[in-house]
Amino acid sequence: MPIRVTVWNEYLHEKENETVRSIYPDGIHRTIADGLAEDGELTLSTATLEEPEHGLTQEKLDATDVLVWWGHKAHGRVEDAIVERVAQRVHEGMGLLVLHSGHFSKIFKRLMGTPCSLRWREAGERERLWVINPSHPITQGIDKAIELPNSEMYGEPFLVPEPLETVFVSWFEGGEVFRSGLTYQRGAGRIFYFEPGHETYPIYHDPNIRRVLRNAVHWAYNSAKPWREVAEAPNVPVDQARE
1 MPIRVTVWNE YLHEKENETV RSIYPDGIHR TIADGLAEDG ELTLSTATLE EPEHGLTQEK
61 LDATDVLVWW GHKAHGRVED AIVERVAQRV HEGMGLLVLH SGHFSKIFKR LMGTPCSLRW
121 REAGERERLW VINPSHPITQ GIDKAIELPN SEMYGEPFLV PEPLETVFVS WFEGGEVFRS
181 GLTYQRGAGR IFYFEPGHET YPIYHDPNIR RVLRNAVHWA YNSAKPWREV AEAPNVPVDQ
241 ARE
């Protein structure tokens, strides 16, 4: 049975910035979806900020096994009710991939419970993503490191909870380091944060980045039936208790 993936993107930079539009003429979401579509086990759809309900209706989320999230300049425009809707689906078992500046998105902060702040610098510097766990499903098919000739620097401290696993650590030309691939679980849902992806660089065209995203979708996928009662706290009477 195919894994149903929805790629969400603000889709604003591409409309407003010629540099971004030249790299991602159909939108970052379409480029990410095209990379994922190289895997025949995945079925792809997209959603964007300015669609009704940001394209994330309950029906859409119920038909999504893994949600990929890219946001940057309009985190505050995402309605709180939609954030709660997405969080509920993650708790029920939907996988979530949060990319690059999505670290400051409402949904990532909601699920982490921390500021998710970091240091940054946009100077087109080289980035090397070191594979920390070569046996992890997300790193399969990747060499010891991924080299990106131009990237936005993200630096520690990164105010997120201690992850289940650190999969990648990045080094930048300026000397900074950053935990650039982190896994979490919230309720029944698996979450992967992946740092590279600034909009003015062709990072989502890179074959290794695309492979990581495909691997991460498979890792985040939960084949179990959604845990609809995940937020309930039922009382169990004594006469129903087991010995």
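Numbered according to the UniProt record's numbering, the sequence shown spans residues 1 to 243.
Every residue gets a Cβ at the ideal spot worked out from N, C-alpha and C, and that includes glycine.
By the neighbour-count criterion, in which 16 or more other beta carbons inside 10 Å mark a residue as buried, Lys106 falls on the buried side. Within the same chain, Lys106, Ile107, Arg110 come within 6 angstroms of Val83 by CB-CB distance, once the 5 residues on both sides are set aside.
Under the three-state reduction of DSSP output, Phe178 falls in the strand class.
According to DSSP, residue pairing for Phe168 in a beta bridge involves Val131, Gly181. The Cβ atoms of Ile191 and Leu99 do not sit closer than 9 angstroms to each other. With contacts defined by Cβ atoms closer than 9 angstroms, Leu36 and Leu67 do not form a contacting pair. Contact annotation, Thr46 with His29: C-beta distance approximately 5 angstroms; criterion of less than 8 angstroms satisfied. Boundaries of the beta strand (DSSP E) harbouring Arg190: 189 to 194, taken from the DSSP string. For Arg119, the closest C-alpha among the options His103, Trp8, Val131 is that of His103.
In the three-state DSSP reduction, Ser101 falls in the helix class (H, G or I).
A straight line joining the alpha-carbon of His136 with that of Asp239 spans about 46 angstroms.
Pairing Thr64 with Ser223, the inter-Cα distance amounts to about 12 angstroms. By the Cβ rule, the segment 55 to 64 does not count as touching the segment 193 to 202, because fewer than three pairs are nearer than 8 angstroms. Spatial neighbours of Trp171 in its own chain (CB-CB distance under 6 angstroms, excluding positions within 5 residues in sequence) are listed in chain order as Arg128, Val177.
Taking a contact as a CB-CB distance under 8 angstroms, the pair Ile203 and Val169 does not count as one, their CB atoms being some 17 angstroms apart. In this structure, the straight-line span from the alpha carbon of Asn150 to that of Thr183 is close to 25 angstroms. If you look at Trp219, you'll find it isn't in any beta strand (DSSP E); it sits in the alpha helix (DSSP H) that goes 207 to 220. Val7 is the residue among Glu16, Val7, His54 whose C-alpha sits nearest the C-alpha of Leu42. Taking every protein chain shown into account, the CB of Glu14 has 16 or more other CB atoms within 10 angstroms, so this residue is buried.
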